[in-house]
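One structure below.
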Amino acid sequence: MVLWQGLVGVAPEPPHYTVAMLILGFESSCDETGVALVAANDGAPPQLLAHALHSQVSMHEAYGGVVPELASRDHIRRVLPLTRQVLAEAGKGRADIDVVAYTRGPGLAGALLVGSAVACALAAALDRPVLGIHHLEGHLLSPFLAADPPQFPFVALLVSGGHTQLMRVDGVGDYALLGETIDDAAGEAFDKSAKLLGLGYPGGPALARLAEFGDPTAYALPRPLLHRDTLDFSFAGLKTAVRTQVMKLGDGVCEQPRADLAASTQAAIVEVLVKKSLAALKATGLRRLVVAGGVGANRSLRTQLDAACAKRGVRVHYPELQLCTDNGAMIALAAAMRLQAGRAVARHDHAFDVQPRWPLAALDGLAP
Ligand code: KG4
Ligand code: ZN
Numbered sequence: 017m018v019l020w021q022g023l024v025g026v027a028p029e030p031p032h033y034t035v036a037m038l039i040l041g042f043e044s045s046c047d048e049t050g051v052a053l054v055a056a057n058d059g060a061p062p063q064l065l066a067h068a069l070h071s072q073v074s075m076h077e078a079y080g081g082v083v084p085e086l087a088s089r090d091h092i093r094r095v096l097p098l099t100r101q102v103l104a105e106a107g108k109g110r111a112d113i114d115v116v117a118y119t120r121g122p123g124l125a126g127a128l129l130v131g132s133a134v135a136c137a138l139a140a141a142l143d144r145p146v147l148g149i150h151h152l153e154g155h156l157l158s159p160f161l162a163a164d165p166p167q168f169p170f171v172a173l174l175v176s177g178g179h180t181q182l183m184r185v186d187g188v189g190d191y192a193l194l195g196e197t198i199d200d201a202a203g204e205a206f207d208k209s210a211k212l213l214g215l216g217y218p219g220g221p222a223l224a225r226l227a228e229f230g231d232p233t234a235y236a237l238p239r240p241l242l243h244r245d246t247l248d249f250s251f252a253g254l255k256t257a258v259r260t261q262v263m264k265l266g267d268g269v270c271e272q273p274r275a276d277l278a279a280s281t282q283a284a285i286v287e288v289l290v291k292k293s294l295a296a297l298k299a300t301g302l303r304r305l306v307v308a309g310g311v312g313a314n315r316s317l318r319t320q321l322d323a324a325c326a327k328r329g330v331r332v333h334y335p336e337l338q339l340c341t342d343n344g345a346m347i348a349l350a351a352a353m354r355l356q357a358g359r360a361v362a363r364h365d366h367a368f369d370v371q372p373r374w375p376l377a378a379l380d381g382l383a384p
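Each number in the working numbering comes from the position in the sequence shown (counting from 1) with 16 added on.
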């Protein structure tokens, strides 16, 4: 049980987490419905008891991308069965839940509202507090559920479908932006290039699979901002270059040139991500790197980061592969870590509350 007084309401002092608690987390910001149960015990790292996920990929595939209205409706269909599944797997009942957490943003407004509504309604019915979590903070902290979790401080490379950022992370809630994309995100570069190559949605994993059969040096594709003195990224020019090459190849192109172009595209994205990460480590003097977000599942990125960091004595941490892309575990975990660190106050007003646009840098110590 939790000492509620410390966690509820707008506390003038950061609340102190004292005893064990069970946190149920919901993720519904885009095309994955995720639910998870995390246990946070005093002084010990939070533990994932159970999690369940439903991916909408096959539903959106026919449209070549996420259809927001369909996404919201599917979250509604999936969220309660997934919640029952998680509680059954963990051997817990609803009454055992101490805090309910959900993704408050950023993401699709309608999709976020489903998670927020279910979380707030469940918490109201159980008379428990709720905590809205920043989706990117969930990704950022997800390696803390790995067997060998990182220690603060570290540089974080956040690479998802909508974001590409380098951050300096000094603790839970202490995030300083070092650089970010000025146009497309790395995941977007994978997805858009994959589409141009005639691969399905989501394109990242499909492009990575095709790239295994190609020559990464076959096409000289641009690496914008690579040699500039900035930690910002730019991927829009790469997509244009891929389009030009696809047009040159023409229709009915055989497999090898497509595989070569996929491999060359992946090589360009990976080289930029690796070199900018190394530059961020150099600029901060830190010797620890955390990689999070869907693109962090890319095998070539992992291999090249591992090799480059090993040479420089830098430790690299990733989330478990299954927790790289969107999931409920990272949301329950972020809530647990915020509460443990005294950097959040779970609320009892149960008002639906989402923030579809929400910069991570805007997060301060106490959640509003
Ligand atoms: O973090 P995430 O699941 O969702 C967002 O918050 O955006 O990231 C999804 C992105 C998509 O762009 C997807 O194509 C990309 O991650 N992705 C990959 C791989 N797995 C997922 N990109 C490259 N290689 C992969 N193996
Ligand atoms: Zn995500």
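We put the CB at the ideal spot given by N, CA and C, even for glycine.
Check: A60 in three-state terms, based on DSSP; Outcome: coil
Check: Near ligand 2: G253 beta-carbon under 8 Å from a heavy atom; Outcome: no
Check: Inter-stretch contact at 8 Å, needing at least 3 Cβ pairs: the stretch 294-303 / the stretch 217-231; Outcome: no
Check: is_contact[A56, chain D] using C-beta, thresh 9 Å; Outcome: The displayed structure is made up of one protein chain only, and chain D is not part of it.
Check: Cβ-heavy atom distance, A275 to ligand 1, below 8 Å; Outcome: no
Check: For D365, the three-state DSSP class (helix, strand or coil); Outcome: coil
Check: Contact set, ligand 1 heavy atom to C-beta under 5 Å; Outcome: S176, G177, G178, G203, F206, D207, P218, G220, P221, A224, G309, G310, V311, A313, N314, T341, D342
Check: Assigned secondary structure, H151 (DSSP; H/G/I helix, E/B strand, else coil); Outcome: helix
Check: Integer-rounded CB distance, given that V286 should sit under 8 Å from S316; Outcome: 5 Å
Check: A326 beta carbon less than 9 Å from that of L294; Outcome: no
Check: At least three beta-carbon pairs within less than 8 Å, the stretch 148-158 to the stretch 254-269; Outcome: no
Check: The stretch 333-350 touching the stretch 208-217, judged by at least three CB pairs closer than 8 Å; Outcome: no
Check: Unbroken alpha helix (DSSP H) run spanning T246, endpoints; Outcome: Taken as a continuous stretch (DSSP letters only), T246 belongs to no alpha helix (DSSP H), as it is neither H nor E.
Check: Span of the alpha helix (DSSP H), counted from its first residue to its last, around H179; Outcome: Here H179 belongs to no alpha helix (DSSP H), and DSSP marks it neither H nor E.
Check: Distance between L247 and P240 (C-alpha atoms, nearest Å); Outcome: 12 Å
Check: Validate contact between the stretch 125-140 and the stretch 154-170 using beta carbons, cut 8 Å, 3 pairs; Outcome: no
Check: Whole-angstrom distance between D58 and Y79, CA atom to CA atom; Outcome: 47 Å
Check: Nearest to G50 (by Cα), restricted to the options S74, Q63, P97; Outcome: P97
Check: Environment of E85 [buried if 16+ CB atoms lie within 10 Å]; Outcome: exposed
Check: Distance CB(G195)-CB(K255) smaller than 9 Å; Outcome: no
Check: Complete alpha helix (DSSP H) runs within the stretch 63-98 (minimum length 4 residues, chain order); Outcome: 73-77
Check: Rounded straight-line distance, which links the Cα of A192 to that of H155; Outcome: 16 Å
Check: Three-way DSSP call (helix, strand, coil) for T300 in this model; Outcome: helix
Check: Per DSSP, the bridge partner or partners of A192; Outcome: R184
Check: Cβ pair V288, L305 closer than 9 Å; Outcome: no
Check: Spatial neighbours of H366 in its chain, beta-carbon cut-off 7 Å, leaving aside the 5 residues before and after; Outcome: C136, A139, A140, V146
Check: C-beta atoms of R373 and G189 nearer than 9 Å; Outcome: no
Check: When G230, P238, L242, R318 are compared against D276, the one with the closest alpha-carbon; Outcome: G230
Check: Spatial neighbours of A68 in its chain, beta-carbon cut-off 7 Å, leaving aside the 5 residues before and after; Outcome: V51, L98, Q101, V102
Check: Cβ-heavy atom distance, H151 to ligand 2, below 8 Å; Outcome: yes
Check: Backbone secondary structure at F229 - three-state DSSP; Outcome: coil
Check: Contact belief for P169 with D186 at Cβ below 8 Å, rounded distance in angstroms; Outcome: 5 Å
Check: Cα-Cα separation between S158 and R303, rounded to whole angstroms; Outcome: 19 Å
Check: Host alpha helix (DSSP H) of E204 (start-end); Outcome: 202-212
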